[in-house]
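Its first residue numbered 5, the sequence shown is counted upward by one per residue in my numbering.
Scroll down for the structure; my scribbles are underneath it.
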Amino acid sequence: MKRAMDILGGLVGLVLLSLPMLAIAIAVRLESRGPALHWSQRVGRRNRLFPMPKFRTMRLGAPDVATHLLAEPDRWVTPLGGFLRRTSLDELPQLWSVLKGDMSLVGPRPALFNQHDLVALRTQAGVDVLRPGLTGWAQINGRDDLPIPEKARLDRDYLEQMSLALDLRILVLTALGAFTGRGVTH
Numbered sequence: 005m006k007r008a009m010d011i012l013g014g015l016v017g018l019v020l021l022s023l024p025m026l027a028i029a030i031a032v033r034l035e036s037r038g039p040a041l042h043w044s045q046r047v048g049r050r051n052r053l054f055p056m057p058k059f060r061t062m063r064l065g066a067p068d069v070a071t072h073l074l075a076e077p078d079r080w081v082t083p084l085g086g087f088l089r090r091t092s093l094d095e096l097p098q099l100w101s102v103l104k105g106d107m108s109l110v111g112p113r114p115a116l117f118n119q120h121d122l123v124a125l126r127t128q129a130g131v132d133v134l135r136p137g138l139t140g141w142a143q144i145n146g147r148d149d150l151p152i153p154e155k156a157r158l159d160r161d162y163l164e165q166m167s168l169a170l171d172l173r174i175l176v177l178t179a180l181g182a183f184t185g186r187g188v189t190h
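Here's what the structure looks like:
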């Protein structure tokens with residue numbers, strides 16, 4: 005049932021959001037040189053790496069680490085990129101990853117390939133059996149404000165309580181949170 009919801013949601017999302025996504029892609033290209041999409045290596049189900057697309061929010065040459073680990077994140081994030089991050093619009097291309105089966109609409113957010121501490125805690129908690137999500141339980145309970153052990157605990161809570169009703173609740177709360185930018189540090 006979850007995979008069917010992912011396929012339907014991915015298809016509907018890509019169709020309905022195709023024009024706004026095209027506009028964002030053009031805006032990203034006009035603001036700074038480089039491609040509109042950034043493909044980063046992320047940790048997926050069973051800790052396998054997969055390429056995940058996002059609208060590019062950083063200048064070319066930015067280090068490939070979590071933004072909070074950068075010494076001067078504001079130096080790397082573009083003005084449009086800051087807006088895209090606050091509103092989560094930079095995540096829209098991940099609907100392709102949902103449709104493809106690398107991701108789910110709801111699940112733990114995919115860790116960067118070099119976030120070994122988060123991957124280890126999730127594996128220890130058994131969360132690695134889940135497809136990573138466009139959004140998740142940790143996303144609506146603090147997002148960037150959460151320390152890594154708390155993210156892993158919330159991901160485990162999601163695994164234990166997973167249901168269609170919980171997924172729908174997370175999707176609605178994510179949409180509301182995207183309008184406020186709550187929990188976004190950079």
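Glycine included, every Cβ here is placed at the ideal spot set by N, Cα and C.
- Query: Would you call the CB atoms of residue 62 and residue 47 closer than 7 Å?
  - Reply: One-based indexing of the sequence shown puts residue 62 at position 58. One-based indexing of the sequence shown puts residue 47 at position 43. Their beta carbons are not under 7 Å apart, which means residue 62 does not touch residue 47 by this criterion.
- Should residue 32 and residue 59 be called a contact, given that it needs their Cβ atoms to be closer than 7 Å? Within the sequence shown, numbered from 1, the residue matching residue 32 stands at position 28. Within the sequence shown, numbered from 1, the residue matching residue 59 stands at position 55. Against a cut-off of 7 Å, the Cβ pair of residue 59 and residue 32 comes out as a contact.
- How would you call residue 128, buried or exposed, if buried means at least 16 neighbouring beta carbons within 10 angstroms? Translated into positions along the sequence shown, residue 128 becomes position 124. So residue 128 counts as exposed.
- Message: Only counting the same chain, and skipping five residues up and downstream in sequence, which positions put a Cβ closer than 6 Å to that of residue 135?
- Response: Position 131 of the sequence shown, counted from the first residue, corresponds to residue 135. The residues are 49, 107, 108, 111.
- Query: residue 36 by DSSP, collapsed to three states: which one?
  - Reply: Translated into positions along the sequence shown, residue 36 becomes position 32. The answer is coil: DSSP assigns residue 36 none of H, G, I, E or B.
- Query: Considering only the beta carbon of each residue, do residue 115 and residue 122 sit closer than 7 Å?
  - Reply: On the sequence shown, residue 115 is found 111 positions in, with the first residue counted as 1. On the sequence shown, residue 122 is found 118 positions in, with the first residue counted as 1. It is a contact, given that the beta carbons lie within the stated cut-off.
- Item | Which of helix, strand or coil DSSP assigns to residue 7 | Position 3 of the sequence shown, counted from the start, is the residue given in the question as residue 7. Helix at residue 7.
- Give me the Cα-Cα distance between residue 159 and residue 5, rounded to the nearest whole angstrom. Locating residue 159 in the sequence shown gives position 155, counting from the first residue. Locating residue 5 in the sequence shown gives position 1, counting from the first residue. Straight-line Cα distance between these residues: approximately 20 Å.
- Task: For my contact list, residue 130 and residue 170 are in at a C-beta cut-off of 8 Å; report their separation, rounded to the angstrom.
- Result: One-based indexing of the sequence shown puts residue 130 at position 126. One-based indexing of the sequence shown puts residue 170 at position 166. No, residue 130 and residue 170 are not in contact; Cβ-Cβ is about 17 Å, not under 8 Å.
- Message: Out of 117, 181, 145, which one is the CA nearest neighbour of residue 44?
- Response: Stepping through the sequence shown from its first residue, residue 44 is reached at position 40. For residue 44, the nearest C-alpha among the options comes from 117.
- Message: Taking the alpha carbon of residue 10 as the reference point, which residue from 151, 105, 144, 176 has its own alpha carbon closest?
- Response: Start at 1 with the first residue of the sequence shown, and residue 10 comes out as number 6. Taking only the C-alpha atoms, the option nearest residue 10 is 105.
- Output the distance between the C-alpha atoms of residue 96 and residue 178, rounded to the nearest integer angstrom. Position 92 of the sequence shown, counted from the first residue, corresponds to residue 96. Position 174 of the sequence shown, counted from the first residue, corresponds to residue 178. In a straight line, the C-alpha of residue 96 is about 13 Å away from that of residue 178.
- Message: Would you say the beta carbon of residue 92 is closer than 6 Å to some non-hydrogen atom of the ligand ADP?
- Response: Questions concerning the ligand ADP fall outside what the structure shown contains, since it holds no ligand whatsoever.
- With a 10 Å radius around its C-beta and 16 neighbouring C-beta atoms as the bar for buried, classify residue 174 as buried or exposed. On the sequence shown, position 170 is the one that residue 174 refers to. It is buried - the Cβ of residue 174 has at least 16 other Cβ atoms within 10 Å.
- Kindly indicate which residue of 153, 92, 168 has the alpha-carbon position closest to the one of residue 8. Numbered from its first residue, the sequence shown carries residue 8 at position 4. Closest option to residue 8, Cα to Cα, is 168.
- Item | Whole beta strand (DSSP E) elements within the stretch 24-106, 3-residue minimum | 41-47, 53-59
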